[in-house]
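Quick note, in full-length UniProt numbering, the sequence shown goes up one by one and the last residue is 464. Ideal Cβ placement from N, Cα and C applies to all residues, glycine included. A quick note: this is a predicted structure, and the numbers were derived from the prediction, not measured.
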Amino acid sequence: MKVVKFGGSSLADAAHVQKVINIIKSDPERKVVVTSAPGKRFSDDIKVTDLLIKYANAIIGKADPTQIVADIFARYQEIGNGFGVSTTVLDDIKSKLTGLPDKPYPNNDYLMAAFKAHGERLNAELIAACLTQAGTKARFVDPSEAGILLSDDPNSATVLEETYDNLANLKYGDERLIFPGFFGFTKDGQIATFARGGSDITGSILARGLHASLYENFTDVDAIYAANPKIVPDAHPIHKLTFREMRELSYAGFSVFNDEAIIPAIQGQVPINVKNTNNPDLPGTLIVPEKDFTSKRPVTGIAGSNRFSALYLHRYLLNKEVGFTLKILQILYKYGVSYEHMPSGIDDLTIIFDRSQLDSDTIKKMCHDIQTELHPDTLDWIDDYAIIMVVGEGMRARVGTIENIIRPLAEHNIPVHMINQGASRISIMLGTRQSDADAAVKYIYEHFFKEDPSANQIEYQTEV
Ligand code: ASP
Numbered sequence: 001m002k003v004v005k006f007g008g009s010s011l012a013d014a015a016h017v018q019k020v021i022n023i024i025k026s027d028p029e030r031k032v033v034v035t036s037a038p039g040k041r042f043s044d045d046i047k048v049t050d051l052l053i054k055y056a057n058a059i060i061g062k063a064d065p066t067q068i069v070a071d072i073f074a075r076y077q078e079i080g081n082g083f084g085v086s087t088t089v090l091d092d093i094k095s096k097l098t099g100l101p102d103k104p105y106p107n108n109d110y111l112m113a114a115f116k117a118h119g120e121r122l123n124a125e126l127i128a129a130c131l132t133q134a135g136t137k138a139r140f141v142d143p144s145e146a147g148i149l150l151s152d153d154p155n156s157a158t159v160l161e162e163t164y165d166n167l168a169n170l171k172y173g174d175e176r177l178i179f180p181g182f183f184g185f186t187k188d189g190q191i192a193t194f195a196r197g198g199s200d201i202t203g204s205i206l207a208r209g210l211h212a213s214l215y216e217n218f219t220d221v222d223a224i225y226a227a228n229p230k231i232v233p234d235a236h237p238i239h240k241l242t243f244r245e246m247r248e249l250s251y252a253g254f255s256v257f258n259d260e261a262i263i264p265a266i267q268g269q270v271p272i273n274v275k276n277t278n279n280p281d282l283p284g285t286l287i288v289p290e291k292d293f294t295s296k297r298p299v300t301g302i303a304g305s306n307r308f309s310a311l312y313l314h315r316y317l318l319n320k321e322v323g324f325t326l327k328i329l330q331i332l333y334k335y336g337v338s339y340e341h342m343p344s345g346i347d348d349l350t351i352i353f354d355r356s357q358l359d360s361d362t363i364k365k366m367c368h369d370i371q372t373e374l375h376p377d378t379l380d381w382i383d384d385y386a387i388i389m390v391v392g393e394g395m396r397a398r399v400g401t402i403e404n405i406i407r408p409l410a411e412h413n414i415p416v417h418m419i420n421q422g423a424s425r426i427s428i429m430l431g432t433r434q435s436d437a438d439a440a441v442k443y444i445y446e447h448f449f450k451e452d453p454s455a456n457q458i459e460y461q462t463e464v
């Protein structure tokens with residue numbers, strides 16, 4: 001049995017939904033289908049999830065939501081009409097949409113979550129109706145029926161382990177089960193959603209919980225590429241990579257597959273196939289457990305992300321001082337800030353943060369506390385920080401990869417502020433200025449994939 005998930009652009013209008021239905025019908029193993037909310041039809045279109053956020057904000061701000069509701073409903077209506085779905089189904093969608101403000105919510109965060117979740121919930125109901133109309137037995141399954149239990153974080157929830165016991169009891173016969181992605185329920189019965197892009201997570205949870213043989217993730221690109229095609233337009237498609245390679249690449253900016261979503265699939269050891277709804281016969285990219293992978297080249301992919309900032313601290317004899325790092329961590333804890341990496345020297349320490357969790361007030365207070373409690377000789381806040389990840393299982397079997405990463409950067413005069421290799425034996429992390437990040441990705445890519453064939457050879461296959 002396969003779990004198959006379709007992203008928002010694959011469900012943006014009736015023409016795309018027709019492709020989705022053909023894909024589902026063409027393989028009887030595609031039993032469990034996960035839907036996103038209708039996404040963008042063209043580049044400056046608005047996703048239904050974003051319209052629902054506007055709708056929620058209008059209700060919170062006591063503004064008139066009539067036009068927004070009409071815009072949201074029009075998206076479902078266009079799809080439903082394209083399949084001749086009965087007016088009862090569309091009327092039901094409309095009344096659920098207009099009835100959202102009348103439901104009780106513990107607070108506005110839960111209100112927001114419930115509004116957002118209806119993008120997928122109503123779409124799953126509609127797709128089940130479209131499939132039935134097109135002659136394939138299909139049934140909508142609500143996450144409450146399946147027992148998808150989430151933590152009490154209304155808009156960035158995580159899955160609770162009990163979900164997997166609940167899923168083991170889910171019965172399915174000859175019909176396709178149509179699940180809405182992106183949300184579940186707290187133990188108190190409130191709707192909670194994952195972070196944005198979280199329908200991938202639902203697919204992965206179902207793949208693990210239902211012991212699927214494959215999790216197919218349909219999106220709008222032919223494959224995952226070895227570098228971002230916006231930076232390297234002719235980047236090489238990756239046919240196969242491992243779970244942990246994917247995790248490292250998505251951490252540093254590969255956005256095709258949500259980085260959290262890989263975890264349940266890893267726990268269940270379910271391979272993932274990323275495919276294109278518009279080109280379903282292409283093989284796409286297969287993400288597999290390490291045991292099913294033999295690397296053919298040292299580097300599988302190169303990612304870069306600008307979402308970082310760094311704090312640089314210098315103090316003589318830092319290496320001899322007991323408790324220096326502990327005090328820093330206590331200050332971070334006080335402000336609820338997590339750090340990403342902490343490379344250190346003898347007298348120096350750099351702490352790298354994900355910038356999205358920090359506002360300027362927190363940065364100011366944190367730096368002030370560090371200055372007054374730890375008295376560093378130098379304290380620099382570096383807002384202009386990017387991380388480049390060069391990732392490949394094949395690196396473990398090759399000596400000299402670092403040289404091949406650094407050489408193209410040196411040749412193009414790109415300074416490297418940090419190198420981190422060690423904890424993960426399959427990646428090398430570099431810190432650069434944000435303005436250098438794209439060029440760094442491009443030159444490293446060119447070196448490994450175009451210029452120097454020897455940089456691509458794996459010299460021996462034993463683990464080092
Ligand atoms: N519809 C949600 C979003 O736009 C979740 C998803 O599409 O995965 O973030």
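Check                                                                                                                                                             : Outcome
For the alpha helix (DSSP H) containing residue 243, name the first residue and the last one.                                                                     : 243-251
Taking the runs of the alpha helix (DSSP H) that are 4 residues or longer, which of them lie wholly in the stretch 370-400?                                       : none
Let's test the definition: count the other Cβ atoms within 10 Å of the Cβ of residue 464 and tell me whether it reaches 16, buried, or not, exposed.              : Since pLDDT at residue 464 reaches only 32, below the 50 mark, its modelled position is unreliable, and the value read off the structure follows with that caveat. The residue in question, residue 464, is exposed, as its Cβ has fewer than 16 Cβ neighbours within 10 Å.
How would you label residue 260, buried or exposed, when you count the other beta carbons within 10 angstroms and need 16 or more for buried?                     : buried
Within the continuous alpha helix (DSSP H) that includes residue 48, where are the two ends?                                                                      : 48-60
Using a Cβ-Cβ cutoff of less than 7 Å, which residues in the same chain neighbour residue 221 once the five nearest sequence positions on both sides are dropped? : 256, 276
With a 10 Å radius around its C-beta and 16 neighbouring C-beta atoms as the bar for buried, classify residue 2 as buried or exposed.                             : buried
Per the contact definition of three or more C-beta pairs closer than 8 Å, is the stretch 156-170 in contact with the stretch 73-92?                               : no
Using 8 Å for Cβ pairs, my map puts residue 419 next to residue 436. What's the rounded Cβ distance?                                                              : The Cβ separation is near 14 Å, so there is no contact.
In terms of residue numbering, what span does the beta strand (DSSP E) encompassing residue 216 cover?                                                            : 214-219
Excluding five sequence neighbours on each side, which residues of the same chain lie with their C-beta closer than 7 Å to the C-beta of residue 25?              : 136
Taking the alpha-carbon positions, what's the residue 461 to residue 447 distance?                                                                                : Low local confidence applies: a pLDDT of 39 at residue 461 is under 50, so the model's placement there is unreliable, with the coordinate-based value given in what follows. The straight-line gap from Cα to Cα measures roughly 22 Å.
Examine the ligand ASP and report whether any of its heavy atoms sits within less than 7 Å of the Cβ of residue 196.                                              : yes
Can you tell me whether residue 209 is helix, strand or coil according to DSSP?                                                                                   : helix
Using three-state DSSP, classify residue 464 as helix, strand or coil.                                                                                            : Because the pLDDT at residue 464 is just 32, under 50, the model does not fix this residue reliably, and the point stays unresolved.
Taking the straight line between their C-alpha atoms, what separation do you get for residue 273 and residue 302?                                                 : 20 Å
When you compare each of 107, 82, 126 to residue 93 by their alpha carbons, which one comes out closest?                                                          : 126
Residue 298 CB to nearest chain C CB: under 8 Å?                                                                                                                  : Included in the structure is just one protein chain, with no chain C present.
Buried or exposed for residue 154, going by 16 or more other Cβ atoms inside 10 Å?                                                                                : buried
In this structure, what does DSSP give as the bridge partners for residue 303?                                                                                    : 389
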